[in-house]
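Since the structure comes first, as structure tokens, the remarks are kept for the end.
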Amino acid sequence: MRVRHVVLTMFMAAVLITPLFAQVTPGDSDNGTVKDVIADHEDVSSAYELFGTEFDEFLSGDEQLALFVPTDEALDQIDSEEISGVELQSLFNRHVATGLASREPIEFIEWFITDDGEQVTVSVEDDSVVLNDSAVVVEAIAATNGVVYIIDESLES
Numbered sequence: 001m002r003v004r005h006v007v008l009t010m011f012m013a014a015v016l017i018t019p020l021f022a023q024v025t026p027g028d029s030d031n032g033t034v035k036d037v038i039a040d041h042e043d044v045s046s047a048y049e050l051f052g053t054e055f056d057e058f059l060s061g062d063e064q065l066a067l068f069v070p071t072d073e074a075l076d077q078i079d080s081e082e083i084s085g086v087e088l089q090s091l092f093n094r095h096v097a098t099g100l101a102s103r104e105p106i107e108f109i110e111w112f113i114t115d116d117g118e119q120v121t122v123s124v125e126d127d128s129v130v131l132n133d134s135a136v137v138v139e140a141i142a143a144t145n146g147v148v149y150i151i152d153e154s155l156e157s
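When you line the sequence shown up against my numbering, it's residues 1 to 157, in that order.
Right under this line is the structure:
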């Protein structure tokens, strides 16, 4: 009888905790490439204008990557016509990770390194995945070449 209670308790805990972590497996998708995902998502059209055409080949490539895309609201303060090529590359690299974050569901890692060499901390607070104690992951979308994480603010160094 006691074993039955333990098994039932473990099962219920697993059922209740699973929704907290809407696990997205990188590379397991019918959504197309990372570029396709941001091109089709209505809340990140500013990021697509900024990154989509400039980094088209990289975002459509075979390399597994995690792209952390700020929402349009988060990117409102950036004038895409006045940003220089170097600034754009730096901004892009701050929002891309080709290491661990591109291979593992982000909610199960403590930190990752972006392509500009910056460390980003990951924590789970209530039901939300939080980056650097401020940017909240709003949505995670699997792509054939990685994962797109829609975030509510830009990642700062």
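We treat Cβ as the ideally placed atom computed from N, Cα and C, and that holds for glycine.
Note that the structure is a prediction, hence the values are computed from the model and not measured.
Asked	Found
From G117, F108 and D116, pick the residue whose C-alpha is nearest to that of V129; which is it?	F108
Do H41 and P70 have their CB atoms nearer than 9 Å?	no
One question on the structure: do A160 and L65 come within less than 9 Å of each other, judged by their Cβ atoms?	The chain is shown from 1 up to 157; residue 160 falls before or after that span and cannot be answered.
Do you know whose CA, among A135, F55 and I106, lies nearest I141's CA?	I106
If you drop the 5 nearest sequence neighbours on each side, which residues of the same chain put their C-beta closer than 6 Å to that of S46?	D72 and L75
So what's S102 in DSSP terms, helix, strand or just coil?	helix
Once the 5 residues before and after G32 are set aside, which same chain residues still bring their CB inside 7 Å of it?	A143 and T144
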